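This note's numbering numbers the first residue of the sequence shown as 1 and each following residue consecutively. Ideal Cβ positions, reconstructed from N, Cα and C, are used throughout, including at glycine. On a predicted model such as this, the values are computed, not experimentally measured, just so you know. What follows is a set of notes on a single structure, which appears directly below.
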Amino acid sequence: MGAAYAKHQSRKLFIELQALESERDAMNVEWGQLQLEQSTHTTHGKVEEAARKRLGMKIPGPQQVMILRP
């Protein structure tokens, strides 16, 4: 009876381990996506800052924007 219980516990723990590993893998994928998103935002912010400071550029107002259609 003890061997059967030990085998059952072993299987139960193995299933739990697999579920946790799957969750870890999903979190690693999400972490990678978040890092990529953060680097994209950081790069955009640095470009905008450089455009303002070094080139004296600014975002145009609504009256300065023209939409051209073919």
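Where the alpha helix (DSSP H) through residue i begins and ends
{"i": "L68", "result": "Taken as a continuous stretch (DSSP letters only), L68 belongs to no alpha helix (DSSP H), as it is neither H nor E."}
{"i": "M1", "result": "Neither: M1 is in no alpha helix (DSSP H) and is coded neither H nor E."}
Close beta carbons around residue i, own chain, < 6 Å, minus the five adjacent residues each side
{"i": "M66", "result": "none"}
Nonlocal neighbours in the same chain, by C-beta distance under 8 Å from residue i, ignoring five residues either side
{"i": "M57", "result": "A51"}
{"i": "E16", "result": "none"}
(message) Which runs of the beta strand (DSSP E) at least 3 residues long sit entirely within the segment 15–65? Give them in chain order.
(response) none
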